[in-house]
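Chemist: Counting in full-length UniProt numbering, the sequence shown runs from 1 upward without gaps. Here it is, the structure, as structure tokens.
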Amino acid sequence: MIVLLSSLTISSHLLHIHHEDMANSRFGYVRDFEEYEKLVPYSFTVVRIDGQSFHRFSDIHQFEKPNDKRALECMNSAARFVLEEIQDVILAFGESDEFSFLLRPQTTLYDRRKAKILTKVVSAFTSAFVYNWGRYFSTPLAYPPGFDGRTVTYPHPKHVRDYFAWRQVDTHINNLYNTTFWAIVQQGGKTEREAHKILQGTVSAEKHDILFKEYGINYNTLDDLYKKGSILVRIPPPMPEIPADGSYKDKKKIEKIRKDGIDGTRGPIEILHLDIIKDTFWNDRPWLLSQLD
Numbered sequence: 001m002i003v004l005l006s007s008l009t010i011s012s013h014l015l016h017i018h019h020e021d022m023a024n025s026r027f028g029y030v031r032d033f034e035e036y037e038k039l040v041p042y043s044f045t046v047v048r049i050d051g052q053s054f055h056r057f058s059d060i061h062q063f064e065k066p067n068d069k070r071a072l073e074c075m076n077s078a079a080r081f082v083l084e085e086i087q088d089v090i091l092a093f094g095e096s097d098e099f100s101f102l103l104r105p106q107t108t109l110y111d112r113r114k115a116k117i118l119t120k121v122v123s124a125f126t127s128a129f130v131y132n133w134g135r136y137f138s139t140p141l142a143y144p145p146g147f148d149g150r151t152v153t154y155p156h157p158k159h160v161r162d163y164f165a166w167r168q169v170d171t172h173i174n175n176l177y178n179t180t181f182w183a184i185v186q187q188g189g190k191t192e193r194e195a196h197k198i199l200q201g202t203v204s205a206e207k208h209d210i211l212f213k214e215y216g217i218n219y220n221t222l223d224d225l226y227k228k229g230s231i232l233v234r235i236p237p238p239m240p241e242i243p244a245d246g247s248y249k250d251k252k253k254i255e256k257i258r259k260d261g262i263d264g265t266r267g268p269i270e271i272l273h274l275d276i277i278k279d280t281f282w283n284d285r286p287w288l289l290s291q292l293d
């Protein structure tokens with residue numbers, strides 16, 4: 001009797017599996033509608049994320065004007081998490097409520113599926129921003145912030161350099177305007193509408209003059225965090241020496257590391273605030289623009 005019951009139990013279990021297989025087979029066709037757009041081969045990819053409605057978000061959370069160092073450092077910590085999570089992100093640049101992440105051309109992340117990569121970066125950044133909020137702000141979040149993102153493919157290293165130069169120029173233009181605007185409002189006692197009217201049509205030199213002559217602010221001495229944005233890269237580890245008395249296995253491992261060279265995927269992450277437009281930054285880190293395996 002016990003044997004019979006056991007047999008019935010096993011038969012019932014197998015029948016259940018059979019029905020599940022039939023169900024999967026019957027409804028599995030819906031997977032055919034899924035699209036798997038992949039990154040263009042042998043090309044650089046930039047994932048850029050932007051804060052959603054961050055004017056409102058910054059007002060509700062009473063960000064300091066023209067720059068809130070706490071918010072920028074929280075953004076930087078979120079970007080650092082992205083580099084920690086995704087080894088093939090070899091460079092990041094951030095300003096205001098946006099961050100750009102460069103993936104090396106050789107990446108095989110998620111089989112190069114564009115949607116998977118984009119959502120991974122955006123979700124990792126957003127969750128890290130929320131998680132680290134309390135490290136920089138004494139007041140809790142009033143509501144969850146949101147970020148959207150896009151991917152852009154660049155076939156040539158020059159395009160990559162020009163992209164990051166474009167973002168840093170944008171950083172300078174926006175910061176100079178905002179610094180002058182809020183000086184007029186906060187120190188000059190003007191309304192925001194009046195400040196906009198005063199700055200309408202002004203060029204860079206005129207904004208510098210307003211800051212220095214009227215408010216005693218030398219723009220050139222302000223923190224580079226605000227003027228140049230934040231750059232995240234990895235410090236490459238030193239190349240190990242091959243020991244004369246080491247084991248064969250150790251020697252082969254070190255030889256492989258030396259052969260692979262520096263590719264920007266290993267080493268501690270550093271945050272820099274310097275010129276990314278001139279040659280120096282790129283010449284010091286040639287692996288960032290390498291398209292070779």
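Where a beta carbon is used, it is the ideal one built from N, C-alpha and C, also for glycine.
Buried or exposed for M22, please, with buried defined as at least 16 other CB atoms from any protein chain shown within 10 angstroms of its CB.
Modeler: Note on M22: pLDDT 48, under 50, position unreliable in the model; no value is reported.
Chemist: Going by the CB atoms, is the gap between A78 and N132 shorter than 8 Å?
Modeler: Against a cut-off of 8 Å, the Cβ pair of A78 and N132 comes out as a contact.
Chemist: For the alpha helix (DSSP H) containing Y136, name the first residue and the last one.
Modeler: 114-136 is the span of the alpha helix (DSSP H), which, as asked, contains Y136.
Chemist: Measure from the alpha carbon of Y136 to the alpha carbon of each residue in V122, H61, K116, then state which is nearest.
Modeler: Ranking the options by Cα distance to Y136, first place goes to H61.
Chemist: Reducing DSSP to helix, strand and coil, say where I277 ends up.
Modeler: Looking at I277 - three-state DSSP - the assignment turns out to be coil, as it is neither helix nor strand.
Chemist: Can you check whether the CB of R48 is closer than 8 Å to the CB of G149?
Modeler: Yes.
Chemist: Please name the residue in A71, N174, Y163 whose C-alpha comes closest to that of L289.
Modeler: Among A71, N174, Y163, the Cα nearest to that of L289 is on Y163.
Chemist: A124 to F81, Cα distance in whole Å?
Modeler: For A124 and F81, the distance between alpha carbons rounds to 7 Å.
Chemist: Following the continuous alpha helix (DSSP H) through S204, name the residue where it begins and the one where it ends.
Modeler: Looking at the DSSP string, the run of the alpha helix (DSSP H) that includes S204 is 204-209.
Chemist: Could you check if P268 is buried or exposed, using at least 16 other CB atoms within 10 Å of its CB as the buried criterion?
Modeler: The residue in question, P268, is exposed, as its Cβ has fewer than 16 Cβ neighbours within 10 Å.
Chemist: So the candidates are H273, N220, Q186, P238; which of them puts its Cα closest to the Cα of K65?
Modeler: Selected option, being the one with the closest Cα: Q186.
Chemist: Rounded to whole angstroms, what's the CA-CA distance from S138 to A71? Just pull it up for me.
Modeler: Their backbone Cα atoms lie some 12 Å apart in a straight line.
Chemist: I'd like to know whether the C-beta atoms of L232 and L102 end up nearer to each other than 8 Å.
Modeler: In this structure, L102 does not lie closer than 8 Å to L232 by Cβ.
Chemist: Give me the Cα-Cα distance between V89 and G51, rounded to the nearest whole angstrom.
Modeler: Looking at the two C-alpha atoms, the distance is approximately 20 Å.
Chemist: Considering just the uninterrupted stretch of the alpha helix (DSSP H) at Y226, what are its terminal residues?
Modeler: Y226 -> alpha helix (DSSP H) spans 224-228.
Chemist: Determine whether the beta carbon atoms of L39 and T153 lie at a separation below 8 Å.
Modeler: Yes. Within cutoff.
Chemist: Just to confirm, is the Cβ distance from L176 to S204 under 8 Å?
Modeler: Yes, Cβ-Cβ distance for L176 and S204 is below 8 Å.
Chemist: Excluding five sequence neighbours on each side, which residues of the same chain lie with their C-beta closer than 6 Å to the C-beta of P157?
Modeler: So the qualifying residues of the chain are L289.
Chemist: I'd like to confirm the pairing. Which residues does DSSP put opposite R48 in its beta bridges?
Modeler: Partner(s): S100, R150.
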